[in-house]
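Asker: One structure is given below, represented as structure tokens, and several questions about it will come after.
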Amino acid sequence: MKWSKSHIYTLRESPTDADIPSQALMVRAGMIRKVAPGIYTYGNLALRAIRKFEALVRQELDKRGCVEILMPMVHPRSLWEETGRWTEMGERLLKFKNRSGHDFCLGATHEEVVTDYARRDISSYRDLPKNLYQIQTKYRDEIRPRFGLMRGREFIMKDAYSFDLDQASAQHSYQLMYDAYKAIYERLGLKFVIVQADTGNIGGSQSHEFQVLAENGEDALMVCEAAGYAANIEIAPVGDVTQVGAAALVAMTEFATPGLRTIADLAKATNVAENELVKTMFFSASDDPKLSRPVAVLLRGDHEVNPVKLKNLLGLANPPLMLTDIEVKAATGAAPGSCGPVGLKIPIYMDQGVQHLKNYIVGANKDDFHLKGVNHGRDFQVTQTADLRLAREGDHCPIGKGGVYKLHRGIEVGHVFYLGTKYSKKMNVTYLDKNSQSNWVEMGCYGIGISRTVQAAIEQSHDKDGIIWPLAIAPFAVHFCLLDPDHPELSAYAEKLYQELMGAGVEVLMDDRAERPGIKFKDADLLGMPLRITLGKKGFESGMVEVVVRKSKEQLKVAAPEAFAFVKNWLMQASR
Ligand code: ATP
Ligand code: MG
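Letter by letter, the sequence shown follows residues 0 to 575 of numbering that gives the first Met the number 0.
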């Protein structure tokens, strides 16, 4: 493609509303333009990278027997009512009515539609297994769309769904997709980790996320090298030491703590370290925001609650909401900051990190008072003790022996999920086995954020000058800077080389604009194609073409007649 005929408009300055480098670079490179929060037009360069990534994904799925279909973006309410997710998905689902007053939503995910599609045709064991996938636009009404394509409202996803006879076969399908995703991200050449992820409350289910490593990633990942184990912090189990100290129990006494609201205040005033204090937090164990079911959670003063662990312990669909100050007062008789477990009439869940503490301090459920010398079992009863806290770097990993966690940050680009019979039971998808017995179909679902991955590649691979595209998804393999387009012989030679490369299937962006070399080089660095060819009067007269490798900035002089072969070879080597 010739720049003069393209629609590429680069910006010298970073946009003021960009929060991370990849977002700023995509805007500066003219790859994306915001239409509304979380909604973008993809320019030609972004679309080329997206299409390349889609092609790579298709290759890996098709060769594993997955079947591509395309489902609608507009879904009738009735399907989402069958699974209960019309309500459960909450505000993330964008709902609307058509002219006849019927309810619809935009597809945020396609379990309902694909399950409905499958149940119309699958009837016998002979129809299974199946894996259906699509590459399509999704809409999720995210509360806070941000970071460009990373968390959009409208974005492109590849979603696949497997249908199997039984658990063993479903496990096989899961592994197949796990392997496909691994191959996809290896081919992209990005650094990534595969982590265990939250499975919600579906018994026996499995889930892994594919995380591209990046400092600005939204997800915190706990990696234990000793155990070869990695998990999203949302579920990373903690191996807290639970040895109970030998100290004798002392009597519980009340003392005044005027104005002391936080653990830090209390630690300072009492001279007790935060890790020996106990804090009490309050949540509603209900998915319905209108129906408050207060519960208390006890944690060591220096620990943070893990909302996903708590959600799973309480059997909820979504992480529980914290009680408001008014609700806390109603449940305890005191304002937050003076509350504790003694005398409470609501369930008390204790993090295992509190188990070894004795004679500790908690709020007295009386404003501006605390209790000291408090002990669980004697002064209050615990409903359940569990691992409820967020893991931290350096924490003991309970998987394997003796390892500790290292913290990494990642961008979730893919997710594989074993669903079991959750959807087939709700939507009545059965098949007849060899003995004409009816069975539920086993399912799995598998997503790849196509648009998110393209930006994640930039987030992981850029420098101060711009993007450094992995060859596998680079919009063009070669950026050809033609420095003196008015020179007739030179431009005739350049055109020949351009045509030759294109004829050999090499995608070339030729900068044929009447711009200064400095501007062309700056733009080439910004757009980040793997290889740059430069041809100007000086080089032409001495019969040399300059080739620059974007990643290493290595500069090579190649004799003009060898330029074509050199570029072809370099690209062939690089794509291995
Ligand atoms: P997140 O936790 O980031 O909100 P999710 O776990 O809800 O994502 P999934 O339902 O697992 O997302 O969707 C499959 C894939 O789609 C994700 O792994 C991610 O790559 C991509 N994706 C999800 N939400 C968005 C979004 N708002 N913008 C861009 N890509 C997204
Ligand atoms: Mg996910």
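Idealized CB from N, CA, C, for every residue including glycine.
Quick one: using the 10 Å Cβ neighbour count with 16 as the cut-off for buried, is Val73 buried or exposed?
Answerer: exposed
Asker: Can you round the beta-carbon distance between Asp301 and Asn274 to whole angstroms, since I take them to be within the 8 Å contact cut?
Answerer: 5 Å
Asker: When we look at the beta-carbon of Gln205 and count the other beta-carbons within 10 Å, is it buried (16 or more) or exposed?
Answerer: buried
Asker: Smallest Cα separation from Ala225: which of Ile347, Asp485, Val403 and Asp510?
Answerer: Val403
Asker: Quick test of the definition: if touching needs 3 or more C-beta pairs under 8 Å, does the stretch 80–92 touch the stretch 110–129?
Answerer: Touching, per the Cβ criterion.
Asker: Measure the beta-carbon distance from Gly535 to Leu24 and round it to whole angstroms, keeping in mind my assumption that it falls under 8 Å.
Answerer: Going by Cβ atoms, the distance from Gly535 to Leu24 rounds to 27 Å, so no, they are not a contact pair.
Asker: For the ligand ATP, I want to know if Val307 counts as a neighbour, meaning its beta carbon is within less than 6 Å of at least one of the ligand's heavy atoms.
Answerer: no
Asker: Shorter than 6 Å, the distance from the beta carbon of His414 to the closest heavy atom of the ligand MG, or not?
Answerer: yes
Asker: Starting from the Cα of Gly64, find the closest Cα among Lys129, Tyr359, Gly42 and Glu153 and give me that residue.
Answerer: Lys129
Asker: CB of Phe451 to nearest heavy atom of the ligand ATP: below 6 Å?
Answerer: According to the sequence as given, residue 451 is Arg; it is not Phe. At least one heavy atom of the ligand ATP is nearer than 6 Å to the Cβ of Arg451, so yes.
Asker: Would you check if the stretch 410–417 and the stretch 95–110 touch, i.e. whether three or more CB-CB distances between them fall below 8 Å?
Answerer: Under the 8 Å Cβ criterion, the stretch 95–110 does not count as touching the stretch 410–417, having fewer than three qualifying pairs.
Asker: With a CB to CB cut of under 7 Å and the five nearest residues on each side skipped, what residues in its chain are close to Ile457?
Answerer: Ser21, Leu24, Met25 and Ile466
Asker: Count the C-beta pairs between the stretch 369–386 and the stretch 337–350 that are closer than 8 Å, then say yes if the count reaches three, no if not.
Answerer: yes
Asker: Where do the ends of the beta strand (DSSP E) carrying Ser437 lie?
Answerer: Ser437 to Trp439
Asker: Pick out whichever of Val361, Trp439 and Val194 has its Cα sitting closest to the Cα of Leu406.
Answerer: Across the set Val361, Trp439 and Val194, the C-alpha of Val194 shows the shortest separation from the C-alpha of Leu406.
Asker: Given this structure, state the Cα-to-Cα distance separating Ser574 from Arg186, to the nearest angstrom.
Answerer: 9 Å
Asker: Return the Cβ separation of Gly443 and Ser172 in integer angstroms, given the expectation that the two are a contact with Cβ distance under 8 Å.
Answerer: 6 Å
Asker: DSSP three-state call for Gly448: helix, strand or coil?
Answerer: strand
Asker: For Cys104, list the residues DSSP reports as bridge partners.
Answerer: His74 and Lys94
Asker: Is the beta carbon of Gly352 closer than 7 Å to that of Arg299?
Answerer: In this structure, Gly352 lies closer than 7 Å to Arg299 by Cβ.
Asker: Quick check: Thr9 and Leu525, are their CB atoms within less than 7 Å of each other?
Answerer: yes
Asker: With a cut-off of 8 Å, do at least 3 Cβ pairs link the stretch 364–374 to the stretch 176–185?
Answerer: no
Asker: Rounding to the nearest angstrom, what Cα-Cα distance links Gly42 and Leu508 in this structure?
Answerer: 15 Å
Asker: What is the residue span of the alpha helix (DSSP H) that Ser541 lies within?
Answerer: Lys536 to Ser541
Asker: Could you pull the DSSP bridge partners for Met509 from this structure?
Answerer: Lys1 and Phe479
Asker: Contact check, Gly542 vs Ala562 under 8 Å by CB: the rounded distance?
Answerer: That belief does not hold up - the Cβ atoms of Gly542 and Ala562 are roughly 10 Å apart, past 8 Å.
Asker: Please list the segments of the beta strand (DSSP E) lying wholly inside the stretch 352–381, counting only runs of 3 or more residues, in order along the chain.
Answerer: 359–362 and 368–373
Asker: Are the stretch 147–157 and the stretch 418–436 in contact at 8 Å, needing three or more beta carbon pairs?
Answerer: No, the stretch 147–157 does not touch the stretch 418–436.
Asker: Would you report the Cα separation of Glu392 and Ala219, rounded to the nearest angstrom?
Answerer: 10 Å
Asker: Output needed for Leu69: all residues of its chain with C-beta closer than 6 Å, excluding positions within five of it in sequence on either side, in chain order.
Answerer: Gln133
Asker: Per DSSP, what are the beta-bridge partners of Met442 in this structure?
Answerer: Phe162 and Gly419
Asker: Since Gln58 is in the alpha helix (DSSP H), which residue starts that stretch and which ends it?
Answerer: Asn43 to Asp61
Asker: Can you tell me the Cα-Cα spacing of Ser490 and Lys552, whole angstroms?
Answerer: 25 Å
Asker: Starting from Leu220, follow the beta strand (DSSP E) in both directions and report where the run begins and ends.
Answerer: Asp218 to Cys223
Asker: Given a threshold of 16 other Cβ atoms within 10 Å of its Cβ, counted over all protein chains shown, does Ala255 qualify as buried or as exposed?
Answerer: With fewer than 16 Cβ atoms within 10 Å of its Cβ, Ala255 is classed as exposed.
Asker: So Leu315 and Asp286 are in contact, right, with Cβ under 8 Å, and what is the actual spacing, rounded?
Answerer: 5 Å
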